[in-house]
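A.B. asks: The structure's right below; bear with me while I get my questions together.
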Amino acid sequence: SSGINAEYGDLTISNQKGLDIIENWRISKEHSNADHRYIRFNIEVITQKKTSKRMELNTDWELYSWLISNAKTIKELQDCTITSQEDLDSASRKLTVEIIKFWKIACPITYTAKKLKPPPWYTKEVAAAKNVVTKNLKKYRRNNQ
1033 SSGINAEYGD
1043 LTISNQKGLD
1053 IIENWRISKE
1063 HSNADHRYIR
1073 FNIEVITQKK
1083 TSKRMELNTD
1093 WELYSWLISN
1103 AKTIKELQDC
1113 TITSQEDLDS
1123 ASRKLTVEII
1133 KFWKIACPIT
1143 YTAKKLKPPP
1153 WYTKEVAAAK
1163 NVVTKNLKKY
1173 RRNNQ
């Protein structure tokens, strides 16, 4: 030993796909109980937009019926006199607007997210290594509290 403190670089190996999603790569100041320090980084998770749709089978038909039965506009339409094509078209538009408005209330939009595929670099070996590291970290924390 020469008595000179040598520093050895820690290495993170990645491919281009990994480089595209790794952010904030840094050497942690956290003590690791080893002769090197932790390497920390964030992985940008690419999420898919939630899709929205109305689940017609989940419509609250009792609510819909109550809304229709108590709608002022529909009561007015029941009492109106239709004497021309214009009157019929106008009443039809008003009724359609009310029907759709109340259906949207009784059958609200549901948001669903499609299941994301794991990134291509997340292999069985990476998953196994992650499990080992997580297990050892929990064991370390349990024994050193």
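Each number in our numbering corresponds to the 1-based position in the sequence shown with 1032 added.
Quick reminder that beta carbons are idealized off the backbone N, C-alpha and C, glycines included.
Since the structure is predicted, the reported quantities are computational estimates derived from the model, not experimental observations.
#1: Where does the unbroken alpha helix (DSSP H) through T1113 begin, and where does it stop?
#2: If I follow the unbroken alpha helix (DSSP H) through N1168, where does it start and stop?
#3: Entirely within the region 1060-1104 and at least 3 residues each: give me those beta strand (DSSP E) ranges in chain order.
#4: What three-state label does DSSP hand T1044 in the structure shown?
#5: Please state the DSSP three-state secondary structure of Y1057.
#6: Residues in the same chain with beta-carbon distance under 8 Å from K1085, minus the five sequence neighbours each way, listed in chain order, please.
#7: Given this structure, state the Cα-to-Cα distance separating Q1048 from I1054, to the nearest angstrom.
#8: Does A1160 pass the burial test, meaning 16 or more other C-beta atoms within 10 Å, or should it be called exposed?
#9: Could you say which of T1155, E1076, C1139 and F1073 lies nearest to S1097 if we only look at CA atoms?
#10: Distance, Cα to Cα, E1088 vs K1149?
#11: Cα-Cα, which of S1116, S1101 and T1115 is closest to I1131?
#12: In angstroms, rounded to a whole number, what distance separates the CA positions of I1075 and W1093?
#13: Compute the Euclidean distance between the alpha carbons of T1115 and R1125, then round it to the nearest angstrom.
#14: Look at the Cβ atom of A1123, then the Cβ atom of C1112, and state whether they are nearer than 8 Å.
C.D. replies: The relevant details are as follows:
#1: Here residue 1113 refers to the residue found at position 81 of the sequence shown. Run containing T1113: none; DSSP gives neither H nor E here.
#2: Taking the first residue of the sequence shown as 1, we reach residue 1168 at position 136. Residues K1156 to N1175.
#3: 1071-1075 and 1083-1086
#4: Walking along the sequence shown from the start, residue 1044 turns up at place 12. Coil at T1044, not helix or strand.
#5: Here residue 1057 refers to the residue found at position 25 of the sequence shown. Before going further, note that residue 1057 is Trp rather than Tyr in the sequence given. The answer is strand: DSSP assigns W1057 an E or B state.
#6: Within the sequence shown, the letter at position 53 stands for residue 1085. Apart from the 5 residues on each side of it in sequence, K1085 sits with its Cβ closer than 8 Å to the Cβ of I1141, T1142 and T1144 in its chain, given in chain order.
#7: Along the sequence shown, read from residue 1 onward, the residue named residue 1048 stands at position 16. Along the sequence shown, read from residue 1 onward, the residue named residue 1054 stands at position 22. Distance between the alpha carbons of Q1048 and I1054 is about 10 Å.
#8: Counting from one through the sequence shown, the residue named residue 1160 turns up at place 128. Under this definition A1160 is an exposed residue.
#9: Within the sequence shown, the letter at position 65 stands for residue 1097. Of all alpha-carbon atoms in T1155, E1076, C1139 and F1073, the one lying nearest the alpha-carbon of S1097 is that of C1139.
#10: Working through the sequence shown from its first residue, we reach residue 1088 at position 56. Working through the sequence shown from its first residue, we reach residue 1149 at position 117. Looking at the two C-alpha atoms, the distance is approximately 28 Å.
#11: Residue numbering aside, residue 1131 sits at position 99 when the sequence shown is read from its first letter. It is S1101 whose Cα lies nearest to the Cα of I1131.
#12: Against the sequence shown, residue 1075 aligns to sequence position 43. Against the sequence shown, residue 1093 aligns to sequence position 61. Those two C-alpha atoms are separated by around 45 Å.
#13: Translated into positions along the sequence shown, residue 1115 becomes position 83. Translated into positions along the sequence shown, residue 1125 becomes position 93. The alpha-carbon atoms of T1115 and R1125 are separated by roughly 16 Å.
#14: In the sequence shown, counting from the first residue as 1, residue 1123 sits at position 91. In the sequence shown, counting from the first residue as 1, residue 1112 sits at position 80. Contact flag set, yes.
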